[in-house]
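Going by the numbering used here, the first residue of the sequence shown is number 12, and it counts up by one from there.
Positions of the beta carbon are idealized from the N, C-alpha and C atoms, including for glycine.
All values reported here derive from a predicted model rather than from experimental measurement.
Written out below as structure tokens is the structure these notes cover.
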Amino acid sequence: MSDQTAEPTKTRRNFLTTLEVDTRLLGMIGAFVLVCVVFNVLTDGRFLTPRNIFNLSIQTVSVAIMATGMVFVIVTRHIDLSVGALLATCTAVMAMTQTQFLPNVLGLEIGHPLIPWITIAIGLVTGALIGGFQGFLIGYQLIPAFIVTLGGLLIWRNVAWHLTDGQTIGPLDETYMLFGGINGTLGVFWSWVLGGLAAVAAAFGIMSARRSKIGHGFAVKPMWAESAVIGVVVAAILGFVAILNSYDVPSRVIARDLDRWGCEIAEGCSAAYGIPYSVLLLIAVAIVMTVIAQRTRLGRYIFATGGNPDAAELSGINTKLLTVKIFAIVGVLCALGGVVASARLGYHTNDIGVLDELRVIAAAVIGGTALSGGIGTIYGAIIGALIMQSLQSGMAMVGVDAPYQNIVVGFVLVLAVWIDIQYRKFSGAK
């Protein structure tokens, strides 16, 4: 009897081992699916509509971009409480640059094609300098990251207020606002083109990795398992594109700009948004950050330092300079997140980025980044941000008041850390 009951468990484990499934990733995806199903039931099917999924995707981007940088910070056993305030300072600088500095000082007319790109470049430099300065205080002056970034939270939030005299600045440049989401999308045709290319690239990448393993004499999955993984990835990519392409543009929106949607009259004209530019920006950031984490010396140094800082320093890694680089990267990502956040609003406001530091940290931790250092993934942080935004959006649709939303988010954060601790005990991971 004992052999008969043990066999199914053994088979399941062998199946998961054969597929080389990341159980953490599987758990996060399962949690996200559960959240979506529950809220879809509670909202009578309104949560999993193309319209809400489109809105959910563009609302997640800003926090997800910053969360990819927070992974590096937490992996190296630091914390950054200033990301929301730093985002506000960067957006204030960019708003003043495009509405005041470039038109009034350099004489560029409103709508000049160079304005958005100069603005974004200045914002990125601002973020890098502030982040690098905080990293210098942490790495070289040995001030704890908690203290430096807590001070940064207070300083940069009020620097942003001072730069704008507490005023709402806008409207922002039209090209700049394309990064906000609904104002800038690929449309149906180019979304399918990009989705098809992404699916082919994903399949090619998986098969290339397989051939590389074979060439170096490593064991590989059976071909059926490889095909199953490719099938799931391709289906996920094309399914996401199909959902976004099924969100029809309202006729009142078409009427505002008939040429954009290729219509002569609004009534009876069918058009869809497709993939937002902001989502493409997040995908690009995710790819770059994943390459840094897995394929570069900087990434190896980051995870080595997080695993054992003393051993990393004794092995010759300049951990002080590494800290500066990490916080400079976070500063750049805060500026990018600020581009998306302010472009989505169309203005810079005083409350932009408020509590984003907590959302970003929560996204990274829910996504499996260990506060003890040494462990974390970029894709996990993005899924964590998606879970966070799904919780908040779902509760808003159900009619839960904001204070109770924060209570639930706080509970989920503590629960995620507890589950991670139990997972480590069960798996024997440190």
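- Under a 10 Å Cβ-count criterion, THR179 is classified as exposed, with fewer than 16 other Cβ atoms of the shown protein chains found around its own Cβ.
- For THR196, the beta-bridge partners assigned by DSSP are PRO287.
- Secondary structure of ILE225 (DSSP, three-state): helix.
- In the three-state reduction of the DSSP assignment, ILE154 falls in the coil class, being assigned neither a helical nor a strand state.
- For the region 65-144, the full-length alpha helix (DSSP H) segments reaching 4 residues or more read 94-107 along the chain.
- Of the residues ALA323, ALA246, ALA75 and LEU189, the one whose Cα lies closest to the Cα of VAL371 is ALA75.
- Closest in alpha carbon position to THR102, among CYS47, ALA315 and THR137, is THR137.
- In the structure shown, ASP268 falls within a coil segment according to DSSP collapsed to helix, strand and coil.
- Inter-segment contact for the region 261-275 and the region 238-253 is absent: fewer than three beta-carbon pairs are separated by less than 8 Å.
- By the C-beta density criterion, HIS89 is buried, having at least 16 other C-beta atoms within 10 angstroms.
- In this structure, GLY146 lies away from ILE389, with their beta-carbon atoms at least 9 Å apart.
- Of the other Cβ atoms in all chains shown, fewer than 16 fall within 10 Å of the Cβ of ILE432; this residue is therefore exposed.
- Look at the region 341-401 and you find these whole runs of alpha helix (DSSP H), each 4 residues long or longer: 367-377.
- Note on ALA427: 16 or more other CB atoms within 10 angstroms of its CB, so buried under the neighbour-count rule.
- In the DSSP annotation of this structure, the continuous segment of the alpha helix (DSSP H) that includes ARG35 starts and ends at 34-53.
- Listed in chain order, the non-local C-beta contacts of THR54 below 8 Å within the same chain comprise GLY405, MET408 and VAL409, local neighbours out to five positions each way being set aside.
- Taking ILE328 as the centre and dropping the five residues before and after it, the same chain places the C-beta of TYR312, ALA315 and THR316 closer than 7 Å to its C-beta, in chain order.
- It is roughly 29 Å from the alpha-carbon of ALA220 to the alpha-carbon of ASN319.
- Residues of the same chain with a CB within less than 7 Å of the CB of PHE190, apart from the 5 flanking positions on each side, are TYR288, SER289, LEU292, VAL350, VAL351 and ALA354 in chain order.
- Excluding residues up to 5 positions away in sequence, GLN145, LEU148 and ILE149 lie with their Cβ nearer than 7 Å to the Cβ of VAL159 in the same chain.
- Under the DSSP assignment, ASP321 falls in the alpha helix (DSSP H) whose first and last residues are 320-325.
- The region 363-370 makes no contact with the region 118-130: fewer than 3 CB pairs, one atom from each, lie closer than 8 Å.
- Annotated as proximal: ILE377 and MET39, with beta-carbon spacing under 9 Å.
- Partner residues in the beta bridge of ASP259, as assigned by DSSP, are ALA283.
- ILE149 is not bridged by DSSP to any residue.
- The beta carbon of ASP184 is closer than 6 Å to those of GLN109, ILE126 and PRO127 in its chain, skipping five residues each way along the sequence.
- When the beta-carbon positions are compared, ALA381 and LEU424 stay at least 9 Å from each other.
- At least 9 Å separates the beta-carbon of VAL252 from that of TRP172.
- Within the model, the alpha-carbon separation for ARG267 versus TYR284 is close to 15 Å.
- Between SER93 and TRP201, the C-beta gap is not smaller than 9 Å, which leaves the two residues out of contact.
- Burial check for ASP91: the Cβ neighbour count within 10 Å reaches 16 or more, so the residue is buried.
- Counting C-beta atoms within 10 angstroms of its own C-beta, LEU45 has fewer than 16 neighbours from the protein chains shown and is therefore classed as exposed.
- Look at ILE180 here: in three-state DSSP terms it is strand.
- When the beta-carbon positions are compared, GLY342 and LEU97 come within less than 9 Å of each other.
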